[in-house]
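Novice: Here it is, the structure, as structure tokens.
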Amino acid sequence: MFDLDRWLEIFQTINKNKLRTLLAGFTVTLGILIFTVLFGMGNGLKNTFYTFFQDDAQNTIFIYPGFATKPFKGFKENRRIEFKNEDLALLEEKFGDRIEFTTARISKGTTVKYKSEYGNYTVRAVHPEHQYLEKTIIDRGRFINENDIEKDTRVATIGRLVEKDLFGNENAVGKYFTLNKIVYRVVGVFSDEGGDREERNIYTPVSTTQLIYKNTDKIDQINLSYDMAIGANGARRLSRDIKKVLKDKHNIAPSDRNGIYVESVIEDLEQNLQLANVLQIIVFWIGLGTLFAGVIGISNIMVYIVKERTKELGIRKALGAKPSTVIGMILQETMVITMIFGYIGLLIGNFVLNSMGNKLEDWFITNPNVSQGTIIFATVILILSGLIAGYIPARRAARVKPIVALRDE
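Put into structure tokens, the structure is as follows:
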């Protein structure tokens with residue numbers, strides 16, 4: 003293995019047969035290139051799912067009312083379910099030991115005006131704890147607080163892009179603007195990792211909105227976060243328990259799937275990651291198949307190489323070369339070609355992935371990349387595959403009798 007003369011002989015052989023070497027190496031380069039790009043794009047798909055769910059805290063549960071589609075306890079089917087403040091209070095009472103933050107949410111599309119500027123935005127009426135569930139980042143001023151809820155104040159925390167659209171270069175904090183012709187004061191400006199869509203929202207106190215809209219206590223949905231210590235299985239149990247409690251309160255049949263909707267961010271993320279993992283496994287085997295196709299290609303070329311050097315190998319054996327020496331020489335040459343061209347394939351593959359960047363976001367692929375562990379794995383596979391590819395022709399060459407080899411033309 004560490005015989006300097008053998009290494010010099012291998013490189014001299016490669017140098018004398020450039021075309022043959024290039025043909026042998028090209029299949030390996032192409033195989034590892036396709037493997038790297040496909041596996042990297044699979045990682046890019048998983049990155050997209052992580053990015054999609056990073057807008058909200060991962061221990062968040064969203065609860066929506068639906069329609070009771072089955073008759074139950076004297077109530078008719080297709081009955082619309084409506085949440086009220088008492089539903090939020092009930093969940094806080096029942097599950098206070100497992101939840102951290104709770105908030106109601108009422109969403110309305112509203113015309114917003116400041117001086118001569120106006121636009122249509124989504125106004126979310128919420129409780130102060132909504133800030134932690136939505137991972138809202140306060141840039142200036144503050145978020146809605148408990149005093150706003152208690153006193154039904156007409157204040158608003160606006161998104162960064164709302165400020166840019168309506169206020170231009172002005173600092174919006176402390177300014178007054180109108181929501182459906184009702185005057186509110188801006189108390190804060192926020193940004194959000196969710197991007198432009200989230201930063202065009204406006205937050206107001208839920209109590210103020212309920213007072214303005216016919217003095218009602220109705221709410222559109224309930225959001226809450228649970229203690230991370232309960233884990234994913236605990237989150238699933240909590241989701242089931244919440245659904246059961248609310249179904250009992252609103253007289254919904256236990257088998258009715260449409261009366262109450264409970265969505266857990268971590269469960270949705272797990273489901274999507276499972277899908278991504280399945281796709282990545284498929285991509286992995288396709289890439290691995292391409293890699294092995296390249297290895298088969300180099301094996302076929304090594305068969306040709308051994309055939310071409312039959313006379314040379316016969317002379318070596320006639321001079322006393324052992325079969326193991328012949329096999330080792332051919333395997334070493336195969337391994338060198340495989341490693342050099344395989345490494346070239348890895349470099350090209352990484353260059354292609356880096357060039358993609360985030361250009362494929364429209365195809366749900368974000369920052370495609372290959373981890374260091376995958377590169378090491380691919381390298382080991384390359385070396386082992388190269389040895390396997392060269393072993394069969396090497397063993398055949400070692401079995402050739404010197405007298406037969408010397409007669410070869």
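Using my numbering, the letters of the sequence shown map in sequence onto residues 3 to 411. Positions of the beta carbon are idealized from the N, C-alpha and C atoms, including for glycine.
(1) Across the stretch 203-222 and the stretch 108-120, are there enough close Cβ pairs to call them in contact, namely three or more that are closer than 8 Å?
(2) Considering Cα atoms alone, identify which of Ile101, Asn253, Leu25, Gly42 is closest to alanine 380.
(3) Name the one or two DSSP bridge partners that threonine 62 has.
(4) Using C-beta distances below 8 Å, list every residue in its chain close to threonine 112, excluding the 5 sequence neighbours before and after it, in chain order.
(5) Using C-beta distances below 7 Å, list every residue in its chain close to isoleucine 377, excluding the 5 sequence neighbours before and after it, in chain order.
(6) Can you tell me which residues form a DSSP beta bridge with isoleucine 179?
(7) Could you compute how far the alpha carbon of leucine 90 sits from the alpha carbon of phenylalanine 192?
(8) Given this structure, state the Cα-to-Cα distance separating threonine 327 from phenylalanine 286, to the nearest angstrom.
(9) Applying the 10 Å Cβ sphere with the 16-neighbour rule, what's the burial state of valine 157?
(10) Among the residues of its own chain, which have a CB less than 7 Å from the CB of isoleucine 342, if the five just before and after it don't count?
(11) How would you label lysine 78, buried or exposed, when you count the other beta carbons within 10 angstroms and need 16 or more for buried?
(12) Nearest-angstrom Cα distance between proline 370 and isoleucine 63?
(13) May I have the straight-line CA-CA distance separating arginine 239 from leucine 226, to the nearest angstrom?
(14) To the nearest angstrom, how far is it from the Cα of leucine 168 to the Cα of glycine 197?
(15) Please classify alanine 174 as buried or exposed, where buried requires at least 16 other C-beta atoms within 10 Å of its C-beta.
(16) Glutamate 201 lies in the beta strand (DSSP E); which residues open and close that run?
(17) So with Cβ pairs under 9 Å, would you call glycine 261 a contact of chain D?
(18) For aspartate 258, which three-state DSSP category applies?
(19) Which residues bound the beta strand (DSSP E) around lysine 72?
(20) Valine 185: buried (16+ other C-beta within 10 angstroms of its C-beta) or exposed?
Specialist: In terms of the structure at hand:
(1) yes
(2) Here residue 380 is taken as the residue at index 378 of the sequence shown, counted from 1. It is Gly42 whose Cα lies nearest to the Cα of alanine 380.
(3) In the sequence shown, counting from the first residue as 1, residue 62 sits at position 60. In the DSSP output, where bridge partners are listed per residue, threonine 62 has Ser227.
(4) Locating residue 112 in the sequence shown gives position 110, counting from the first residue. Cβ neighbours of threonine 112 beyond the five flanking positions: Asn122, Tyr123, Thr124, Val125, Leu181, Asn182, Ile204.
(5) The sequence position of residue 377 within the sequence shown is 375, counting from 1. The residues are Leu348.
(6) In the sequence shown, the residue the question calls residue 179 occupies position 177. Position check: residue 179 holds phenylalanine in this sequence, whereas isoleucine was assumed. Paired residue(s): Tyr186.
(7) Here residue 90 refers to the residue found at position 88 of the sequence shown. Here residue 192 refers to the residue found at position 190 of the sequence shown. If I take the Cα positions, the gap works out to 26 Å.
(8) Mapped onto the sequence shown, residue 327 falls at position 325. Mapped onto the sequence shown, residue 286 falls at position 284. Each residue's Cα considered, the two are about 36 Å apart.
(9) Locating residue 157 in the sequence shown gives position 155, counting from the first residue. Counting other Cβ atoms within 10 Å of its Cβ, valine 157 reaches 16 or more and is therefore classed as buried.
(10) Translated into the one-based positions of the sequence shown, residue 342 becomes position 340. Counting only Cβ-Cβ distances below 7 Å, and skipping sequence neighbours, we find Gly27.
(11) Counting from 1 along the sequence shown, the entry for residue 78 is found at position 76. Under this definition lysine 78 is an exposed residue.
(12) As a position in the sequence shown, residue 370 is number 368, starting the count at 1. As a position in the sequence shown, residue 63 is number 61, starting the count at 1. For proline 370 and isoleucine 63, the distance between alpha carbons rounds to 30 Å.
(13) Here residue 239 corresponds to residue number 237 of the sequence shown, with the count starting at 1. Here residue 226 corresponds to residue number 224 of the sequence shown, with the count starting at 1. Computed Cα separation, rounded: 15 Å.
(14) Counting from one through the sequence shown, the residue named residue 168 turns up at place 166. Counting from one through the sequence shown, the residue named residue 197 turns up at place 195. Taking the straight line joining both Cα atoms gives about 18 Å.
(15) Position 172 of the sequence shown holds residue 174. With 16 or more other Cβ atoms within 10 Å, it is buried.
(16) Mapped onto the sequence shown, residue 201 falls at position 199. Looking at the DSSP string, glutamate 201 is not in any beta strand (DSSP E), and its letter there is neither H nor E.
(17) Of the protein chains in the structure, only one exists, and it is not chain D.
(18) Here residue 258 is taken as the residue at index 256 of the sequence shown, counted from 1. Coil, per DSSP.
(19) The residue you call residue 72 lines up with position 70 of the sequence shown. Element bounds for lysine 72: n/a, residue is neither H nor E.
(20) The residue labelled residue 185 in the question sits at position 183 within the sequence shown. Valine 185 is exposed by the Cβ-count criterion.
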